[in-house]
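J.: In the working numbering, the protein residues as written are 2 to 952. Glycine included, every Cβ here is placed at the ideal spot set by N, Cα and C. For reference, the structure I am asking about is given below.
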């Protein structure tokens, strides 16, 4: 080790505080980078595992494969692995409540199929022989057939046959009702050994006529084990689920087209959403697919997650956002390291000048600076990398521990070696370039300038003039503080810049994480309840919504609920916003303003009051709440495809009145009116229904067109808007182009009170529905059906219960996964930002301790000293926030505009919560750091501090 290296090492040991501060800066910046790449890698890996669990571990499903053709898949170099299933046939299910799904579809597979298919066990185990079977959970929740583990079942398994076309119907074709029968049935007895969740779309189409039952196949197991050849069973038909190699995934469309025997270019074009096909090409493609060798299903989400690029749709937008956020974080990290290193180098300019004065060359000074950087990096980079990985691991473990029991899957911790290497290389490069710049600056300074240390302070005396108000408010301490900031503007600017960068980063990333939630919500979120109840009833029935509310909420285990009655109205030429008006005119191909359907939903009192409170609307009982924001598929000319776009709908505001039209028909008007308002009709307070119950048919009103309007009695009613919101109550997401208005029962009835608006006729029957968030959806469904079936109180109402528990849990799992990634990232960024601010301010105060000691030695009082520090805090806070907050808003807006041009379009809303939080944290942090530093400096010995040459 030469003399300069020894001197550098000794200097680092002597100035431990400054060395530690610089190392901490490197550690934090490196930790941020490694945490980022680890969280991104874990997020991607978790999404892959989530999709495998949801739809299965395969890329493309090939149906109709002959057993003799299986070797073509096994030996295909583009296919990494396969598993197979064999359709055994359909069996009629006695007592099934779902008329469109009356069968059990029996599927056979082996160990590989059970492992890689989306057969997620809830209870019991998988089948191990051909006499055992696993049944799906929705057989009970949807079909209302209760079969338990251990039960013996007998199935008459056969083929679905369409007598009208004299052909066999395949498994994914919807039920044909009267047109089909079962033929060639074989009786088979099974023992139920397990209950699983409903298989994913790739294994059971949502319109399929049968519930998927899975048994074991000795034949498939023998083929996979190599103990039996597939050549001898040429007549058996299989479904092959294939995983492509990583190389094949990059050209997946060409590989798939080659296997099914269709034109590759046409197939690629049809599967590229950004390319528009001509009518001729569409016809050709349809003919090609009709003559394809196999039917296929592509597990697109799994392919997207595993390939990363190219990605289409919402996840392209999400990964673009992640890339933008990563660039912002990298820039922040670069500045963090550079800032920590520059503070150290700048304060040692005097030392480098002394070395130069005794013969050190420029090259030796540069080498000394780079050696110091290398020594700091050797300590900081490994510790920072491990800290980032450890922080990500702890985050994943904590989330898994907290979410055990309600999350559908466990988050996966995963590190990517190439990504970590990239983070380390970036940290090394940042340190190197930071040191190079500082070394070049140190080498250029002459010995005399460096020893006098006057180059850092260059200012004209005219600029030191202090405003009189500062002296009057803060006294001499404030005047000195102001002059010091002007005199030493470079160090002051470094501190402000550090705070600005941290503030901007936090605001921008907070905004884009909220935008990511919004985009996923627009594409995937639809179920915010796990029990849906639709009701049909005879025409002359009046249903008491409050009694229905008591029925729905009176069952144990209800976390939230809503009961609503929807009435269809139409509004002629409503006051559209410009954007929504243009969308509607394009949608209806009309050059004039078009009428719009308004759905007025009457909520039970408790649900309505809660909704109004959540929306922040007071005195809501006096009228209707308008939902004035929606998400629609809009054609994007820049990307040449339809994208999701959020837009405001109307210009209405609180206090405005909307004239809503409706129709009453001759054959219904008198009956409807009697049911609603005849005081002589018999009523019973214990009944949920009132009026004539002898006959009638279900009559749920729909949209009224011009021809229908002319055939009925046209009426209008004025509805007053009491509030406008973008929130929707439970159960009312995804209503498309229907405008939503919500009222309570009393407010709705008041529209016709005392002949108001000159109307005596009310709208016809409503569409009644209820939405429930239950602790245990299965138990709630069982209890509800027990209370309503055979109960004379509800004899005139038919209840249709939908159990959406799995869908709700799947979506909750997706949002939890996204939330862990988003908020974990924000927490890490907040920590690095706070630490960077603490590092910058505390180091600055420490390095100025000689200056403060000198001021105190010439008579500055503690009060004047405190005033000086407080004024600097005010200047730093105000200037940093005045620059940082608008800059954060501007950058987030520009990136939002960029995203809108590329893909999904949403309305820009500044991240107010993040901005307020940023302002509060910066002010409190700066005040706390300054106060702590000031308290510490007061206890320092003035003489010893002035004598200390290392400051």
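Can you tell me which of 623, 625, 719 puts its alpha carbon nearest to the alpha carbon of residue 663?
T.: 719
J.: Tell me whether residue 11 is buried or exposed, calling it buried when 16 or more other Cβ atoms sit within 10 Å of its Cβ.
T.: exposed
J.: Pull up the distance between the alpha-carbon of residue 805 and that of residue 531, whole angstroms please.
T.: 4 Å
J.: Cα-Cα, which of 722, 746, 771, 740 is closest to residue 731?
T.: 771
J.: Just to confirm, is the Cβ distance from residue 1 to residue 915 under 8 Å?
T.: In the structure displayed, the chain extends from 2 to 952; residue 1 sits before or after that span and is not available.
J.: For residue 919, report the span of its alpha helix (DSSP H) as first-last.
T.: 913–939
J.: Three-state secondary structure (DSSP) at residue 556?
T.: coil
J.: Could you tell me whether the region 127–147 touches the region 96–111, where touching means 3 or more Cβ pairs closer than 8 Å?
T.: Yes: at least three Cβ pairs fall under 8 Å.
J.: DSSP state of residue 218, grouped into three classes?
T.: Residue 218 falls in the coil class under three-state DSSP.
J.: Of all the options 129, 193, 300, 197, which has the alpha carbon lying nearest to the alpha carbon of residue 219?
T.: 129
J.: What residue range is occupied by the uninterrupted beta strand (DSSP E) comprising residue 154?
T.: 153–163
J.: State the Cα-Cα distance for the pair residue 251 and residue 49, rounded to the nearest angstrom.
T.: In a straight line, the C-alpha of residue 251 is about 17 Å away from that of residue 49.
J.: Between 58, 215, 190, which lies nearest to residue 242 when the distance is taken from Cα to Cα?
T.: 58
J.: Exposed or buried, residue 588, counting other C-beta atoms within 10 Å across all chains shown (16 or more means buried)?
T.: exposed
J.: Which word fits residue 597, buried or exposed, when buried means at least 16 other C-beta atoms lie within 10 angstroms of its C-beta?
T.: buried
J.: Indicate whether the contact test is met: 3 or more Cβ pairs, each with one atom in the region 179–190 and one in the region 162–171, closer than 8 Å.
T.: yes
J.: Can you round the beta-carbon distance between residue 808 and residue 603 to whole angstroms, since I take them to be within the 8 Å contact cut?
T.: About 27 Å separates the two Cβ atoms, so there is no contact after all.
J.: Residue 74 to residue 248, Cα distance in whole Å?
T.: 16 Å
J.: Residue 211 to residue 103, Cα distance in whole Å?
T.: 6 Å
J.: Using the C-alpha atoms, what's the distance from residue 577 back to residue 676?
T.: Annotation note: pLDDT 35 at residue 676 (below 50); position unreliable, coordinate value reported separately. Cα to Cα, residue 676 sits roughly 36 Å from residue 577.
J.: By the three-class DSSP mapping on this structure, what secondary structure does residue 123 have?
T.: strand
J.: Are residue 785 and residue 556 closer than 8 Å when you measure CB to CB?
T.: Note that the C-beta distance between residue 785 and residue 556 is below 8 Å.
J.: Output needed for residue 268: all residues of its chain with C-beta closer than 6 Å, excluding positions within five of it in sequence on either side, in chain order.
T.: 254, 258
J.: Reducing DSSP to helix, strand and coil, say where residue 61 ends up.
T.: strand
J.: Here's a check: name, in chain order, each residue in its chain whose Cβ is nearer than 7 Å to the Cβ of residue 152, leaving out the five neighbours to either side.
T.: 193
J.: Taking its Cβ as the centre, do 16 or more other Cβ atoms sit within 10 Å of residue 658, making it buried, or is it exposed?
T.: exposed
J.: Rounded to the nearest angstrom, how far is the Cβ of residue 842 from that of residue 930, given a contact under 8 Å?
T.: 5 Å
J.: Give the straight-line distance between the Cα atoms of residue 262 and residue 289, rounded to the nearest whole angstrom.
T.: Linking residue 262 to residue 289 through their CA atoms gives a straight-line distance of about 9 Å.
J.: Where does residue 215 land, buried or exposed, given buried means 16+ other C-beta within 10 angstroms?
T.: Buried, since its Cβ has 16 or more Cβ neighbours within 10 Å.
J.: Take residue 134 and list the residues in its own chain whose beta-carbon comes closer than 8 Å to its own, dropping the five residues that flank it on each side.
T.: Closer than 8 Å at the Cβ level, and outside the excluded window around residue 134, lie 107, 128, 154, 191, 192, 193, 194, 214, 215, 216.
J.: Kindly say whether residue 554, judged by its beta-carbon, lies nearer than 8 Å to any beta-carbon of chain B.
T.: Annotation note: the requested chain B is absent from the structure, which comprises a single protein chain.
J.: Under the rule that 16 or more other beta-carbon atoms within 10 Å means buried, what is residue 571, buried or exposed?
T.: buried
J.: Grouping DSSP H, G and I as helix and E and B as strand, with all else coil, what is residue 503?
T.: Helix at residue 503.
J.: Can you look up residue 602 in the DSSP assignment and give me helix, strand or coil?
T.: strand
J.: Any idea if residue 364 is buried or exposed, counting beta-carbon neighbours within 10 angstroms, 16 or more meaning buried?
T.: exposed
J.: In angstroms, rounded to a whole number, what distance separates the CA positions of residue 947 and residue 855?
T.: Roughly 7 Å separates the two Cα atoms.
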